[in-house]
Amino acid sequence: MSDRLKIILLLLPAMSVIVLLFFGGLLIGLMRSFNYMPVIGLTEPNLQAYVNVFTNEEFYWSFLLSFHISFTSTLISCVLAVGAALLLRRAFIGRAVINFLFQLNLTVPHLVGAIGILYLFSQSGVFARLAAEVDLIQRPADFPAMVFDPFAIGIILQYVWKEVPFIGVIVLANMQALGENYESVARSLGASKWQTFRHVLLPLIFPGILSASVIVFAFTFGAYEIPALLGANYPAALPVLAYRSYTDVDLAARPEAMALAIIIAILSAVMIFIYIRYSRKRVRS
Amino acid sequence: MIGHDGLWTKTFRYITCLLLVTWLVLPLIPLGIWSVARGWFFPDLLPRMWTLDAWRYALSDTSGVLDALWLTIGISLAATVLSILVGVPAGRALGMYKFKGKEVIELMILAPTIVPGIAVVLGVHTVFIYLGLTNTVHGVILVHLIPTLPYMTLVMAGIFSNYDPAFEAQARSLGASPLKTFWYVTLPAIMPGIIVGGLFAFLVSWSQYILTLLVGGGRVVTLPLLLFNFATSGRNDITGAIGMIYILPGILILTLTAKQLSGRSGAVGGFGRI
Numbered sequence: 033m034s035d036r037l038k039i040i041l042l043l044l045p046a047m048s049v050i051v052l053l054f055f056g057g058l059l060i061g062l063m064r065s066f067n068y069m070p071v072i073g074l075t076e077p078n079l080q081a082y083v084n085v086f087t088n089e090e091f092y093w094s095f096l097l098s099f100h101i102s103f104t105s106t107l108i109s110c111v112l113a114v115g116a117a118l119l120l121r122r123a124f125i126g127r128a129v130i131n132f133l134f135q136l137n138l139t140v141p142h143l144v145g146a147i148g149i150l151y152l153f154s155q156s157g158v159f160a161r162l163a164a165e166v167d168l169i170q171r172p173a174d175f176p177a178m179v180f181d182p183f184a185i186g187i188i189l190q191y192v193w194k195e196v197p198f199i200g201v202i203v204l205a206n207m208q209a210l211g212e213n214y215e216s217v218a219r220s221l222g223a224s225k226w227q228t229f230r231h232v233l234l235p236l237i238f239p240g241i242l243s244a245s246v247i248v249f250a251f252t253f254g255a256y257e258i259p260a261l262l263g264a265n266y267p268a269a270l271p272v273l274a275y276r277s278y279t280d281v282d283l284a285a286r287p288e289a290m291a292l293a294i295i296i297a298i299l300s301a302v303m304i305f306i307y308i309r310y311s312r313k314r315v316r317s
Numbered sequence: 007m008i009g010h011d012g013l014w015t016k017t018f019r020y021i022t023c024l025l026l027v028t029w030l031v032l033p034l035i036p037l038g039i040w041s042v043a044r045g046w047f048f049p050d051l052l053p054r055m056w057t058l059d060a061w062r063y064a065l066s067d068t069s070g071v072l073d074a075l076w077l078t079i080g081i082s083l084a085a086t087v088l089s090i091l092v093g094v095p096a097g098r099a100l101g102m103y104k105f106k107g108k109e110v111i112e113l114m115i116l117a118p119t120i121v122p123g124i125a126v127v128l129g130v131h132t133v134f135i136y137l138g139l140t141n142t143v144h145g146v147i148l149v150h151l152i153p154t155l156p157y158m159t160l161v162m163a164g165i166f167s168n169y170d171p172a173f174e175a176q177a178r179s180l181g182a183s184p185l186k187t188f189w190y191v192t193l194p195a196i197m198p199g200i201i202v203g204g205l206f207a208f209l210v211s212w213s214q215y216i217l218t219l220l221v222g223g224g225r226v227v228t229l230p231l232l233l234f235n236f237a238t239s240g241r242n243d244i245t246g247a248i249g250m251i252y253i254l255p256g257i258l259i260l261t262l263t264a265k266q267l268s269g270r271s272g273a274v275g276g277f278g279r280i
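Chains as they are written, first to last, in the numbering used here: chain A, 33 to 317; chain B, 7 to 280.
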């Protein structure tokens, strides 16, 4: 059997799944967003759904909110994860414990974390009760709104809780594969601790951080259940907005939901493209 | 080791370490307490009464929690096995061969990790309606392949890029059949990757919410759906109990496979390849 045929046969099952389910789903979504679906007699495509989406003020607020959630969560998670990985790579007591907790956290679904954050940070949650205990507040309403709030603090807290271990495990694996020889050389040549980190370690672990943070950014931009549980009613995150239009009793809203889905896909692809190009340039320079 | 650490550095390290541990377990604590609490109202720091009622309800036959647990395990296992069957060959092709258009194929296989599920599932739902796959367990398993397959393929591609096919050739030249070669030579060599990739696939499927909700149409009730419903209806005690049941399999799998997942294992490093 030739290599060419082998490769085709090896890839065939995976490519069928991806092309039929994933790209098929996107294509049908695209067609329906143009209100074009010959099977059910819709033969005249139009742009009405997109006009409706782009003339709706909530869409812009939702986009800003979703972008803020992804950007802030990814940035905080990356910084904390690199810090945690630096902490963890030196041998000391407690390292095994954190290492285990990191991995434990990886197995806990986002939804459970979101409920935990809800019970911790809501206005009658654990922290509000602690504040009442030390007489900082009298009533639940005195506690600052950290869930269902317009700044999505609860959502970001949940993502940071989940994603620090995710990025941390990947960065730690990179650091351990590299060893400390490069840094020792830089230090012996007179580089400061910060210079060693910035010009030796960071560029070396950067590919790992980049790929992990891309996954985190994309996930936090498109996840539904966390903003659905912890988010304010208005503006809702983009995925919540899309789900609401899709399940609207008015079936005429379905093309709009499809248009939103396509816009979410394009937006996340474009943002990730820009992010990868920009950050590669920054770190290499 | 670079230099010696001063007292301050050490103290700083212990404090950050302690903070990190606290932060990592913190959100799980109120869930655990709620599951054994009765009437835990503001401003009580701890419940006034402790009870196992929520657990009794969750574990009873009428609540449907155990049915949801078995269903979720079944769906995630099926999605994992399918991802292994489909992802291992694809990982072999991507890890061992150089060919024209490889970058495009890689990008296509990785695309589902970047494009949000909600963007794809609305279209998939429309197709599944015509195929009669909506509101069925089969449909849910199929749609779970979208997020699980990329992880599986990625991990396997990492494993196969460090794999020497000469061992297979030697086994064949000594008279082993292709099946025997696969069973005794290839499989043991790639097993760590299958375990890590399978674990990822299982956990990714295990935590799916929106794909199950839309394709299952509310008829395929997995644990996350049940959990979400209880969480939004304000039954904190039952939510706590279901939450604990929901994270249990993950913890079990972790303790069984902790070695493969540790930072030193090469399979996790596969993520650096994207």
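Note that the Cβ used here is the ideal one computed from N, Cα and C, for glycine as well. Nothing here was measured: the structure is a model prediction, and the numbers come from that model.
With at least 16 other beta carbons inside 10 angstroms of its own, D243/B counts as buried. The beta carbon of I248/B sits closer than 8 Å to those of A64, V71, L229, L232, L233, F236, all from its chain and outside the five residues before and after it, given in chain order. For A163/A, the enclosing alpha helix (DSSP H) covers residues 158-165. Secondary structure at W56/B: strand, using DSSP grouped into helix, strand and coil.
Exposure of T15/B is indicated by the presence of fewer than 16 other C-beta atoms within 10 angstroms of its C-beta.
Residues of chain B with a Cβ closer than 7 Å to the Cβ of L43/A are, in chain order, A96, A99, I111. In this structure, DSSP gives M197/B a helical state, which the three-state scheme calls helix. Residues of the same chain with a CB within less than 6 Å of the CB of T154/B, apart from the 5 flanking positions on each side, are A85, S89, A207, V210, S211 in chain order. For M178/A, the three-state secondary structure derived from DSSP is coil.
Identification of chain B residues near H231/A by a Cβ-Cβ cut-off of 8 Å yields none; the smallest Cβ-Cβ distance measures about 15 Å. Take F103/A, set aside five residues on each side of it, and the residues of its chain with a beta-carbon closer than 8 Å to its own are F249, in chain order.
Any Cβ of chain A closer than 9 Å to the Cβ of F188/B would place that residue at the interface, and such an atom is absent. For G254/A, the neighbours in chain B by C-beta distance under 7 Å run, in chain order, P122, G123, I124, A125. Put simply, the CB of D35/A is near chain B, with a gap under 9 Å to one of its CB atoms.
Residues of the stretch 164-183 of chain B with a Cβ closer than 7 Å to any Cβ of chain A: none. Per DSSP, K38/A is one residue of the alpha helix (DSSP H) stretching across 35-49.
DSSP, read as helix, strand or coil, puts R241/B in coil. Runs of beta strand (DSSP E) with 3 or more residues, each lying fully within the stretch 67-107 of chain A, are absent. Contacts with chain B at 9 Å (Cβ-Cβ) include V129/A.
Between the stretch 199-216 of chain A and the stretch 225-244 of chain A, the count of Cβ pairs shorter than 8 Å is three or higher; the stretches touch.
For the pair L205/B and Y157/B, the Cα-to-Cα distance works out to about 10 Å.
Between L185/B and I130/A, the gap from beta carbon to beta carbon reaches 9 Å or more. Counting along the chain, the unbroken alpha helix (DSSP H) around Y157/B starts and ends at 143-167. Of the other Cβ atoms in all chains shown, 16 or more fall within 10 Å of the Cβ of M162/B; this residue is therefore buried. Approximately 22 Å separates the beta-carbon atoms of V49/A and L77/B; this is outside 8 Å, ruling out the contact. When rounded, the separation of the alpha-carbon atoms in A172/B and L83/B is 33 Å. With respect to the C-alpha of V179/A, the residue from F91/A, I187/A, I60/A having the closest C-alpha is I187/A. Assignment of R230/A by DSSP, reduced to helix, strand and coil, places it in the helix class. Residues A43, R44, G45 of the same chain have their beta carbon placed closer than 8 Å to that of M55/B, with the five preceding and five following residues left out of the count. The beta-carbon distance between N67/A and P77/A, rounded to whole angstroms, is 6 Å. This is short enough to meet the 8 Å contact definition. When S105/A, V51/A, N88/A are compared, the shortest CA-CA separation from A289/A is found for N88/A. Taking C-beta atoms as the reference points, P122/B and I304/A fail to come closer than 9 Å. Rounded to whole angstroms, the gap between the alpha carbons of G199/B and I165/B is 6 Å. Burial is judged here by how many other beta carbons sit within 10 angstroms of a residue's own beta carbon; P235/A has fewer than 16 and is exposed.
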